[in-house]
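Taking it in order: structure first as structure tokens, then the write-up.
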Amino acid sequence: MKNYTQKIVEKYHHDKTRLMDILIAVQSEYGYISSESIALIAHELKMSDVDVEQTVSFYHFFSAQPTGKFSIFLNNSAVANMMGREEVATALEQETGIKFGQVTPDGLIGLFETSCIGMNDQEPAAIINNRIFTKLTSFRVKEIIRDIKDGKKIEELYSASFGDGANRDVSVQSVVSNNIRKIGPILDPNYKIGEAIRKITKMTPLEVIDEVKNSSVRGRGGAGFPTGLKWEFCRNAKGERKYIFCNADEGEPGTFKDRVILTELPRLLFEGMVIAGYAVGATEGILYIRYEYKYLETYLEKILEAARKKNYLGKDIMGKKGFDFDIRIQFGAGAYVCGEESALIESAEGKRGEPRDRPPFPVEKGYLEMPTIVNNVETLCSVVKVILNGAEWYRSFGTAESTGTKLLSISGDCRNPGVYEVAWGFSVNDILAMVGKSANVQAVQVGGPSGSLIGPDEFSRNLGYEDLATGGSLIIFGEHRNLLKDVVLNFMDFFIEESCGSCSTCRILPSVLRTKLLKIMNARGVQQDIEDMVNWSGFLKASRCGLGQTAANPIITSIKNFRHLYEARVQSRKEYDTGFDLTKAVIEACEVTGRVPNI
Amino acid sequence: MSHVVKITIDGVECMATSGQYIIDVAKENGIYIPTLCNYPGVKPKGSCRICTVKVNGRMMTACTTPVSENMEIDNTSGDIVELRKAIIELLFIEGNHFCPACEKSGNCELQALAYRYSMMVPRFPYTFPQRQVDAQNPKLVKDQNRCILCKRCIRAIHDADGRAIFAYHKRGNKVEICLDPKIGKNLSDELAQKAMDVCPVGALLVKEKGFDQPIGERKYDKEPIGSDIEKL
Amino acid sequence: MSKPIVATTSLAGCFGCHMSLLDIDERILDLIELVEFNKSPINDIKKFTKKCDIGLIEGGCCNSENVHVLKDFRENCKILISVGECAIMGGLPAMRNGIPIRECLEEAYLNGPSVKNNTEKIIPNDPEIPIMLDRVYPCHEVVKIDFHLPGCPPRADLIWDALVALITGSELKLPYEVVKFD
Chain A
1 MKNYTQKIVE
11 KYHHDKTRLM
21 DILIAVQSEY
31 GYISSESIAL
41 IAHELKMSDV
51 DVEQTVSFYH
61 FFSAQPTGKF
71 SIFLNNSAVA
81 NMMGREEVAT
91 ALEQETGIKF
101 GQVTPDGLIG
111 LFETSCIGMN
121 DQEPAAIINN
131 RIFTKLTSFR
141 VKEIIRDIKD
151 GKKIEELYSA
161 SFGDGANRDV
171 SVQSVVSNNI
181 RKIGPILDPN
191 YKIGEAIRKI
201 TKMTPLEVID
211 EVKNSSVRGR
221 GGAGFPTGLK
231 WEFCRNAKGE
241 RKYIFCNADE
251 GEPGTFKDRV
261 ILTELPRLLF
271 EGMVIAGYAV
281 GATEGILYIR
291 YEYKYLETYL
301 EKILEAARKK
311 NYLGKDIMGK
321 KGFDFDIRIQ
331 FGAGAYVCGE
341 ESALIESAEG
351 KRGEPRDRPP
361 FPVEKGYLEM
371 PTIVNNVETL
381 CSVVKVILNG
391 AEWYRSFGTA
401 ESTGTKLLSI
411 SGDCRNPGVY
421 EVAWGFSVND
431 ILAMVGKSAN
441 VQAVQVGGPS
451 GSLIGPDEFS
461 RNLGYEDLAT
471 GGSLIIFGEH
481 RNLLKDVVLN
491 FMDFFIEESC
501 GSCSTCRILP
511 SVLRTKLLKI
521 MNARGVQQDI
531 EDMVNWSGFL
541 KASRCGLGQT
551 AANPIITSIK
561 NFRHLYEARV
571 QSRKEYDTGF
581 DLTKAVIEAC
591 EVTGRVPNI
Chain B
1001 MSHVVKITID
1011 GVECMATSGQ
1021 YIIDVAKENG
1031 IYIPTLCNYP
1041 GVKPKGSCRI
1051 CTVKVNGRMM
1061 TACTTPVSEN
1071 MEIDNTSGDI
1081 VELRKAIIEL
1091 LFIEGNHFCP
1101 ACEKSGNCEL
1111 QALAYRYSMM
1121 VPRFPYTFPQ
1131 RQVDAQNPKL
1141 VKDQNRCILC
1151 KRCIRAIHDA
1161 DGRAIFAYHK
1171 RGNKVEICLD
1181 PKIGKNLSDE
1191 LAQKAMDVCP
1201 VGALLVKEKG
1211 FDQPIGERKY
1221 DKEPIGSDIE
1231 KL
Chain C
2001 MSKPIVATTS
2011 LAGCFGCHMS
2021 LLDIDERILD
2031 LIELVEFNKS
2041 PINDIKKFTK
2051 KCDIGLIEGG
2061 CCNSENVHVL
2071 KDFRENCKIL
2081 ISVGECAIMG
2091 GLPAMRNGIP
2101 IRECLEEAYL
2111 NGPSVKNNTE
2121 KIIPNDPEIP
2131 IMLDRVYPCH
2141 EVVKIDFHLP
2151 GCPPRADLIW
2161 DALVALITGS
2171 ELKLPYEVVK
2181 FD
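Below, the structure is given as structure tokens:
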């Protein structure tokens, strides 16, 4: 253990800002990060044990205990449940003889839950030793567990043929499907690779920024900040070095379009990062990818290597003197909050993924205190097409406020879940018609749990920054779904699980709200409980980051748009109910003393 | 280059040096902005959120936001006061705060803020979490029941080599503070005392100390927290 | 006009709050002039004989009997006041919250250092004994409570001022020194 860990620490030059990489290596090698490993790493990096441990314990895919030779992480997102997760979970427990959170006594199999893994269009899905398994059934579970027990290797566990497109690439070989349902200018594979880089070598960085500004392209992660403006701020910021980050953390449940870009159009993305680097004067790009997409690592590294050979990356790119840029891949380790740009930077520096206080903004003081751009995968891809075809061409798509197209990740109750590229400005109704809604649609979750749950009377609203802004996730719920249980409760559990815990508001309030929600679901609520939830949710607005500020959105937007669901469950004749249940409260004591409750 | 800027807090004009944090400017001008995580000489972190003010209408934490020219700061409007009250109440129900049995009672900043904001009972239901007391360290007792996770100890206490003695552990509502067993073992008396002093509540106590001031003579028995600033 | 009727009880408390109520010195004479006591340990009336205006509750709910008494108070009193930390948040008895009941009872009756002569290893289980609750509950988590007077015990002045304000309908002013949690 000592030798390997030491080698890894040396590989990263005893640099504690590379702690994530060191921990990922140790976790992959041993299946866990033991206290001995922590002590060794701490010693080598001149840190205290608890300092290393605070990073280890932050991330879902790091574990201080053995997680089994085969670690099975079953997704617990709302859509996974809708698609039959419970049956799969039960089968897993039955076949392994253990509960979730446990490891079999022989150390062979560990069962764990995990937040949305970006496979909402092919649920139920799980990750086993960094490999993705989609469309699971109880039958498939039996096969998999039997094969594991028979001593098969992880690569022998696949029974189906590989997915479509580059999922079949020799360095991917995954059963994941792209499910690209509608191609637009961004997803269009017919473009000349490297052409945009060639083009910018004949432009000044300011001309590049101007072109991006003129296109009015805005951040595609959800926040919608004008990309050109961000680049300009960063270019003007003072710093010895500058950095370009691509945010491929894609943790918002229901979103998976970045996974598809990473699979099918990684060259387009890398080109976008090079352009950003040229524009702001950065020489290093970092692609931060969520751990769930680790199965793409070898493939992406291969493509980066090829790009270096073609001089799309490296020194004096395309013969332009002084145009240096290279990209490294940084994996996360399971934390939704790392999708927030400053948390992502903290994580890339080897720390807990806690968002930073702002100001200063990353464009002034970001990675390693240097001016840093953090752009979403789709944003950077859009930029390449802007450079290739011009800002005016780009503006011909979409609306005045929301130019261009948007990649939508659509899942839930519809015939054709998958990725759709549409121009901004279409209504939810248009989208529903496009995807083939399978039943009467009760509700659509726009923008993931941090977005809004809307009902049919709002389906005429248009997607765009001026009306319904979205990072691109749409989850469709048919009329047979129990919105409070299947959706709102699931999303609240998600926010509780994924809070970094730094702000008092976001750490405490979501659990308080969840308790109220359960009270109402259990028919013990009163009208006041609904009002309390609305009023209390407002305090979350004082949280530091978007996660905290939106952590009550499932409750707020469902009360706003589906108030009748709550009112139908509260007791109409009671003004006050504490929810106290004497019968329940005496069970434990009766068991211990062997008494019959005589209350 | 620092220069003088003019801001207003609740309509009162204040002079400040650019780069100064709002909370410090307020203090210099005799205006109290409550805080639980900020501590003199320690890098601010903005984790308790109690110092939230409205800066030109936007909620910002006063401990992390530097002043700039013509900022209009609202420190007393109804919703800000209500927010602060709610946060205090949340901290009370999050942990197990048995004031009558706490060594820090009377000198506790959380309790003092509850007094200042007239908390009679939290509006939120108590959670009574299961938390541990860690008495392994030779000098300090760490009582997680009382910890409000403000990170003051994490930020303020390091060993001679600059290594962290305290750190967070886990995330979300499972977060707790850990005291490094190895380097914590050699904690000096001064550092142990400093840890207890920076802790706003009774979560870090120097062993064999406590209850040494009679009721009536403790820091917040007679005057609300912040009175010293407001008297300036 | 008839005098307002007051009832008091101590649930899972130590009677310290009642002592504090009596600690109002000579004002106790005024109190008797001001109000009539019904069910209360002060006059030893065991059962409500009429509807009351104000109920003062000391202590939280740690067993089934506490719950019944508290509900009885809620039914018979117009205004219910939680007096003291135990009523408000469980107080020191609630320090057992989070510890499994089995562990509590075994420590108390079988394994604790003060256990002597329990050779038959009996944990009391007579049907007459109230049943322990899974945790100690603050009163307002069992019934609706109208006002809360914190303190351990609440200062005598706080109880007095609150009662007078309530009875006379005057505004309750709370000087800084009287509202304390210890």
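Each protein sequence line maps, in turn, to chains A, B and C.
So the first sequence is numbered by this note's numbering: it starts at 1 and just counts up by one.
So the second sequence is numbered by this note's numbering: it starts at 1001 and just counts up by one.
So the third sequence is numbered by this note's numbering: it starts at 2001 and just counts up by one.
Beta carbons are placed, not taken as given, at the ideal position from N, Cα and C, and that holds for glycine.
All figures in this text were calculated on a predicted structure; none of them were measured in a lab.
Taking the C-beta atoms as reference points, Arg1084(B) is found nearer than 8 Å to Tyr1117(B). When the beta-carbon positions are compared, Glu498(A) and Ser115(A) come within less than 8 Å of each other.
No residue range can be given for Leu1036(B), since it is assigned to no beta strand (DSSP E) and is classified by DSSP as neither H nor E.
For Ala248(A), the uninterrupted beta strand (DSSP E) segment begins and ends at Tyr243 to Ala248.
Around Arg1152(B), the same chain offers Tyr1039 and Val1198 as residues with beta carbons nearer than 6 Å, after the five sequence neighbours per side are excluded.
Under a 10 Å Cβ-count criterion, Phe1211(B) is classified as exposed, with fewer than 16 other Cβ atoms of the shown protein chains found around its own Cβ.
Between the segment 237–251 of chain A and the segment 367–381 of chain A, the count of C-beta pairs closer than 8 Å reaches three or more; the two stretches touch.
Apart from the 5 residues on each side of it in sequence, Asn2118(C) sits with its Cβ closer than 7 Å to the Cβ of Tyr2109 and Leu2110 in its chain, given in chain order. With a minimum length of 3 residues, the unbroken runs of beta strand (DSSP E) contained wholly in the segment 468–524 of chain A fall at 473–478. Taken through DSSP and simplified to helix, strand or coil, Asp326(A) comes out as strand. Chain B has no Cβ within less than 8 Å of the Cβ of Pro2154(C). Val377(A) and Arg259(A) have their alpha carbons spaced roughly 9 Å apart. Contact between the segment 112–129 of chain A and the segment 171–179 of chain A is present: three or more C-beta pairs spanning the two stretches fall below 8 Å. Listed along the chain, the chain A residues whose CB falls inside 7 Å of the CB of Ser2064(C) are Leu582, Val586 and Ile599. Check the Cα spacing between Ile289(A) and each of Ala333(A), Leu313(A) and Asn522(A): the tightest is with Ala333(A).
For Arg1171(B), there is no enclosing beta strand (DSSP E), as DSSP marks it with neither H nor E. Residue burial annotation: Asp1180(B) is buried, with at least 16 other C-beta atoms found within 10 angstroms of its C-beta. The C-beta distance from Ile1177(B) to Lys1142(B) rounds to 7 Å, short enough to fall under 8 Å.
Residues of chain C with a Cβ closer than 8 Å to the Cβ of Glu1223(B) are, in chain order, Tyr2176. Taking every protein chain shown into account, the CB of Glu195(A) has fewer than 16 other CB atoms within 10 angstroms, so this residue is exposed.
At least 8 Å separates the CB of Cys1150(B) from every CB of chain C. For Ala443(A), no alpha helix (DSSP H) encloses it; the enclosing beta strand (DSSP E) starts and ends at Val441 to Val446. In terms of Cβ geometry, Tyr59(A) and Ala335(A) form a close pair [threshold 8 Å]. For Asn76(A), same chain residues with a beta-carbon under 6 Å away, outside a window of 5 residues either side, are Glu113 in chain order. When secondary structure is reduced to three states using DSSP, Thr201(A) falls in the coil class, being assigned neither helix nor strand. Leaving aside the five residues that flank Val2179(C) on each side, the residues in its chain whose CB is nearer than 7 Å to its CB run, in chain order, Pro2150 and Leu2158. Chain order gives the chain C residues near Val592(A) as Ile2101, Arg2102, Leu2105 and Ile2123, where near means a beta carbon separation below 8 Å. The contact set of Ala1101(B) on chain C, defined by CB atoms closer than 8 Å, consists of Leu2092 and Met2095 in chain order.
Spatial neighbours of Leu432(A) in its own chain (CB-CB distance under 8 Å, excluding positions within 5 residues in sequence) are listed in chain order as Cys414, Val441, Val444, Phe459 and Ile476. Arg18(A) does not reach chain B, its nearest Cβ partner there being about 18 Å away, counting only Cβ pairs nearer than 8 Å. Residues of the segment 1061–1074 of chain B with a C-beta less than 8 Å from any C-beta of chain A: Thr1061, Thr1064, Thr1065 and Pro1066, listed in chain order. Listed along the chain, the chain B residues whose CB falls inside 8 Å of the CB of Glu2141(C) are Pro1125 and Tyr1126. Assigned with DSSP and collapsed to three states, Gly251(A) falls in coil, not helix or strand. DSSP places Cys1178(B) in the strand class (E or B) of the three-state scheme. Taking C-alpha positions only, Leu229(A) is separated from Thr67(A) by approximately 45 Å. As the crow flies, the alpha-carbon of Leu45(A) is around 33 Å from that of Arg235(A).
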